[in-house]
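Counting in full-length UniProt numbering, the sequence shown runs from 1 upward without gaps.
Backbone N, C-alpha and C define an ideal beta-carbon position, used for all residues, glycine too.
The structure appears below as structure tokens.
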Amino acid sequence: MVPDDAYWGAQTQRSIGNFPIHLAGGAGERMPLPLIHAFGWLKAAAATVNRAHGLDGALAEAIVAAATEVAEGRHDDQFPLVIWQTGSGTQTNMNVNEVIAGRANEMLTGVRGGKAPVHPNDHVNRSQSSNDSFPTAMHIAVALELRNRLLAALRGLAAAFRAHEAAWADLVKIGRTHLQDATPVTLGQEMSAFAQTCEDGAARVVALWPRLSRLAQGGTAVGTGLNAPPGFGEAFVAALGELTGGVPWVSAPNKFEALATHDAMVEVSGVLNTIAVGLSKIANDLRLLGSGPRSGLGELNLPENEPGSSIMPGKVNPTQCEMLTMVCAQVMGNHVAVTIGGLQGHLQLNVFKPLIAHNILRGIALLSDGVESFRARCVEGMTPNRTRLAELVERSLMLVTALAPEIGYDAAAAIAKRAHHQGESLLEAGLALGLVDEAQFRRLVRPETMT
């Protein structure tokens, strides 16, 4: 039985019973709300176009009003279906159709639900199929989430690193390759690499737009456009653009590809995977640079957000770094699922659409929230340990590299080896071996000129 307070109808209720696939609590397995909101804009745009092709004006206005409420998140509790359903997403498309029809009928008659005067199939789903509507909603949701959330998060993190780059431009430290001492860099230069990684991630997101903006709407069941009026796809993207603030959507030039092949989604997931790899490197580097406080590298002081141990008093752990690396690991796992989902485009229809949408939207949300937290609770508040930086520079054997052009590689290597084995400074070792004099050493070995 459909609950009395539900806007949905029999098809949604039947789906609740047919697909009882829930984890503990169940909410995490529901169709992502950004997708539902995208469906709202989709149905509003479709009703606008259908009005020009004979849909009664009063019905069209009610559909647009109800669909806009869905798009704005005012009926989120009316979408109980899980992602584990038919691979075309038909159950969710009908859930949306029924809720919009039910709300539109309430607006027109005062009675919630039902199929009159607005019918979920004949009016809300007019000129559409689940096969073109679900991929269209998927593209809309992913594009808007990337533009509105992930781009801002990545650019904010990049700006935080650029600020540190400028502030720490003159702080010389020892570089490390293979986790071993190398020649000096500045802490600012190290931060610049992190900033560039974030900026490149944002650029990769922007570069997705030409494929993401192509919408399948108008292809209907198999791409031929059966039961949709001529030019429906082009009129639809124009109406959708007005509803979404001028976003320049385009009608997919090949609707057959748009229904059967979700390479654009696999590409998005690949970009998320690439971003996750870069962010993992950053988080792990900060964790290493902040290790200690007395027995690690200790070059950075990371913010102390909470106690780190239930048994070791006073211990503070790099929790934001660990959070972000786990987020990134999950995004990488999501990419495997999306890749497999992309393989399931047999003949005229890909039938893993809900899985693809869920994993990509989850990845965007995880990265957006994770990056924001990492920036605010770790990166912006970290400070350099100037004493430790200077101490490690002074002790480093790799400063000997500056001698090599003048005294030769082998002589410089001999100085480094003696200093290491005898516990001497480079100057002491060089003098003992007679390979360099003090004036020459001090002229050549100047860390501040080696970055």
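The shortest CA-to-CA distance from W8 to any of E98, A166 and E257 is the one to E98.
Using a 10 angstroms sphere on the CB of G423, the tally of other CB atoms stays under 16, which defines it as exposed.
Between L108 and T92, the gap from beta carbon to beta carbon reaches 8 Å or more. For the options S127, A432, H37 and R162, the alpha carbon positioned closest to that of N95 is the one of H37.
Between the alpha carbons of S295 and R388 lies a gap of roughly 12 Å. One Cα belongs to C328, the other to T401, and the distance between them is close to 37 Å. When the beta-carbon positions are compared, L154 and C198 come within less than 8 Å of each other. In the three-state reduction of the DSSP assignment, I174 falls in the strand class, which pools E and B. The residue among T86, L392, Y409 and P405 with its C-alpha nearest the C-alpha of S425 is L392.
The DSSP-derived three-state label of H123 is helix.
With a cutoff of 8 Å on beta-carbon distance, I83 and M398 are scored as not near each other. A check of alpha carbon separations from Q11 across F79, L59 and H75 identifies F79 as the nearest. Between H420 and G345, the C-beta gap is not smaller than 8 Å, which leaves the two residues out of contact. Annotated as distal: P318 and L343, with beta-carbon spacing of 8 Å or more. Bridge pairing for Q180: T177 [DSSP].
Annotated three-state conformation of P384 is strand, per DSSP.
Taking all protein chains shown into account, Q128 has 16 or more neighbouring C-beta atoms within 10 Å of its C-beta and is therefore buried.
As a beta-bridge residue in DSSP terms, R214 pairs with V250. Around the beta carbon of T90, 16 or more other beta carbons lie within 10 angstroms, which makes this residue buried. Residue range L33 to R51 is occupied by the alpha helix (DSSP H) that includes P34.
A60 and P117 have their C-alpha atoms spaced approximately 11 Å apart. Taking C-beta atoms under 8 Å as the contact rule, W168 and P20 fail to qualify, at a distance of about 55 Å.
Going by DSSP, N284 is part of the alpha helix (DSSP H) stretching over D263 to L289. The bridge partners DSSP lists for G345 are N350. Taken through DSSP and simplified to helix, strand or coil, T186 comes out as strand.
Of the candidates D369, Q348 and V338, V338 places its Cα closest to the Cα of P354. In this model, G54 and A47 are separated by some 10 Å (Cα to Cα).
Taken in chain order, the unbroken stretches of alpha helix (DSSP H) that lie wholly in the segment 76-125 and span 4 residues or more are 90-109.
Under the Cβ criterion (8 Å, minimum of three pairs), the segment 188-208 does not count as touching the segment 218-226.
For M138, the enclosing alpha helix (DSSP H) starts and ends at S130 to E145. Under the three-state reduction of DSSP, R74 is assigned to coil, being neither helix nor strand. Straight-line measurement puts the Cα of Q85 at about 26 Å from the Cα of A252. Under the 10 Å beta carbon count, D132 is surrounded by 16 or more other beta carbons and is classified as buried.
According to DSSP, L300 shares a beta bridge with P384. Contact between W41 and L272 fails: their C-beta atoms lie close to 23 Å from each other, not under 8 Å. Sorting E29, S130, R103 and I364 by C-alpha distance to the C-alpha of L349 places S130 at the top.
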